[in-house]
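Under the working numbering, the sequence shown has 168 at position 157, and the numbering climbs by one with no breaks.
Cβ atoms here follow ideal geometry from the backbone N, Cα and C, with glycine treated the same way.
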Amino acid sequence: MATTVRVPRSVRRIVAVLVVAAIVEFFVLPQLATARGSAETLRDVSAWLLGFGVALEAAALVAYFQLTRSLLPGATRPSFLRMARIELSTLALSHVVPGGPGPAGALGYRLLTEAGVRPADATFALATQGLGSAVVLNVIFWLALVVSLPARGIQPLYTTAAVLGVALFGLFAVLVLGLTRAEGRTAGTLCRVARRLPLIDAAKVEGGVHRVAARLRDLAAHPRLLVRAVGWAAANWLLDAASLWVFLAAFGHQTSIDALLVAYCLANVLGALPVTPGGLGIIEGVLTPTLIGFGVPGGTAVLGVVAWRLVNFWVPIPAGGVAYLSLRLGPGEKRGRRAKELEQVVEEARRRAQER
């Protein structure tokens, strides 16, 4: 008798939302663009520029992978190929689950620790990657605003994004200062919070806080490592923005750099709000009219943004699924489990020796 596989309702809803979003993005919006007399834009598209845009997006992903690797200690740092599969897996999850950064961070933590990275190092790398990358994005946004405002004036969306950026900077500064200047007080505060939460071990939280603080001090003591991490974060954003510029050029319009960066950073700052997976709909909804406001023809803006989002948002979903399966089923996963089991045995033996 054949068995029936029941798909959870939450999964069905996520798939349905993604299918509807894909239909709107790839069929409805381009039709609206061509209906406004932009059919020539599709006919004259440059294939080699489209290919170059895809290559720039791939380079942006490489910079993203290297950002996380640069924040991990060399002794336990995964290979580039394994790091790429881990990051693609987490990126795919963040693109399909509402509030994606939370579940994606949990998945990244599990995959990194299974690869042999110490829990505190994995926590530090993932937290620094997320906050640090967002801080770098806001710096790029503010620099673009400084160049753009004298000629283009202040827009309401600029103010909203700038306020979000200030809040993010404040959170980042409080965390860094708390962990480096008042480590004991910060650890005590977090432990008191942890005791009120179910399934949280306050002792482990305290130990993790001290290890993360030690990693922050190590990072401050090695400015080259800090510069390298900032460089990879900046490369990730700038290569992604360059990919968008090339896609717009492929459809016939070369956008000014300052206008492109303002529109790009504005869309990504607002898209970081945990409303839709990966900023789906928000990034397109902010980026397209902002580009049109900067003089990009409507049809070109729609088609360029849709083509860019195809490789920026949609392609990592199936690629991440394949990457996750390779981590679960590949021989490296078995070796990783054996290494983790051995580490647990060593830790247990050490604990028992201390008790004696």
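- Message: Shorter than 7 Å, the distance from the beta carbon of LEU249 to the closest heavy atom of the ligand PLP, or not?
- Response: The ligand PLP is not part of this structure, which contains no ligands at all.
- Query: Is it the case that the Cβ atoms of PHE258 and TRP325 are separated by a distance below 8 Å?
  - Reply: Contact: no.
- C-alpha gap between TRP256 and LEU83, whole angstroms: Distance between the alpha carbons of TRP256 and LEU83 is about 32 Å.
- Same chain, Cβ closer than 6 Å to LEU123, neighbours up to 5 away in sequence not counted: Correct list, in chain order: ALA133.
- Pick helix, strand or coil for PHE258, following the three-state DSSP scheme. Three-state DSSP puts PHE258 in a helix.
- Query: Cβ atoms of LEU99 and PRO114: under 8 Å apart, would you say?
  - Reply: With contacts defined by Cβ atoms closer than 8 Å, PRO114 and LEU99 do not form a contacting pair.
- Report, in whole angstroms, the separation of the C-beta atoms of VAL297 and LEU281, which I expect to be a contact under 8 Å. With 8 Å as the limit, VAL297 and LEU281 qualify as a contact, their Cβ atoms being about 5 Å apart.
- Query: What distance in whole Å lies between the Cβ atoms of ALA278 and ILE294, which are believed to be in contact at a cut-off of 8 Å?
  - Reply: Contact holds; Cβ gap of about 5 Å.
- Query: Excluding the five sequence neighbours on either side, which residues of its own chain have a C-beta within less than 7 Å of the C-beta of VAL55, listed in chain order?
  - Reply: Note that residue 55 corresponds to Asp in the displayed sequence, not to Val. Cβ within range, chain order: GLY263.
- Cβ contact check for the region 239 to 256 and the region 71 to 80: 3 or more pairs under 8 Å: By the criterion of at least three beta-carbon pairs nearer than 8 Å, the region 239 to 256 is in contact with the region 71 to 80.
- Message: So SER90 and ALA240 are supposed to be a Cβ contact under 8 Å. How far apart are they, rounded?
- Response: The pair is not a contact, with the Cβ atoms about 19 Å apart (cut-off 8 Å).
- Query: Hey, how far is the Cα of GLY64 from the Cα of ALA253?
  - Reply: GLY64 and ALA253: Cα-Cα distance of roughly 8 Å.
- What did DSSP end up calling GLY290 once you bin it into helix, strand or coil? GLY290: helix per DSSP, three-state reduction.
- Looking only at its own chain, which residues have a Cβ that is under 7 Å from the Cβ of LEU148, when we skip the five neighbours before and after it? Non-local beta-carbon contacts of LEU148 in its own chain, meaning distances under 7 Å to residues more than five positions away in sequence, involve TRP248, CYS276, ASN279, VAL280 in chain order.
- Sorted by chain position, which residues of the same chain lie with C-beta nearer than 7 Å to SER57's C-beta, five sequence neighbours on each side aside? ALA261, listed in sequence order.
- Counted within 10 angstroms of its Cβ, other Cβ atoms place VAL317 as buried (16 or more) or exposed: It is buried - the Cβ of VAL317 has at least 16 other Cβ atoms within 10 Å.
- Message: Tell me the rounded alpha-carbon separation between ALA245 and GLY119.
- Response: Distance from the CA of ALA245 to the CA of GLY119, rounded to the nearest whole angstrom, comes to 21 Å.
- Between VAL333 and GLU68, which are expected to be in contact by the criterion C-beta below 8 Å, what is the C-beta distance as a whole number of angstroms? With a Cβ gap of about 17 Å, VAL333 and GLU68 do not count as contacting.
- Query: Rounded to a whole number of angstroms, what is the C-alpha to C-alpha distance between ALA270 and ALA145?
  - Reply: In this structure, the straight-line span from the alpha carbon of ALA270 to that of ALA145 is close to 20 Å.
- Task: Tell me whether PRO112 sits in a helix, a strand or coil according to DSSP, three-state version.
- Result: Here PRO112 carries a helix assignment [DSSP, helix/strand/coil].
- Query: To the nearest angstrom, how far is it from the Cα of GLY290 to the Cα of ALA274?
  - Reply: Each residue's alpha carbon lies about 15 Å from the other.
- Query: Are TRP243 and LEU78 touching if we call contact CB-CB under 8 Å?
  - Reply: The answer is yes: Cβ separation under 8 Å.
- Excluding the 5 residues preceding and the 5 following ARG88 in the sequence, name in chain order all residues of the same chain whose CB lies nearer than 7 Å to its CB. Correct list, in chain order: ARG80.
- Rounded to a whole number of angstroms, what is the C-alpha to C-alpha distance between PHE135 and THR200? It is roughly 18 Å from the alpha-carbon of PHE135 to the alpha-carbon of THR200.
- Query: By the 10 Å Cβ neighbour count, where 16 or more other Cβ atoms means buried, how is ALA95 classified, buried or exposed?
  - Reply: ALA95 counts as buried, since no fewer than 16 other beta carbons sit within 10 angstroms of its beta carbon.
- Item | Limits of the alpha helix (DSSP H) - the one that ALA58 falls within | Note, ALA58: alpha helix (DSSP H), 58 to 81.
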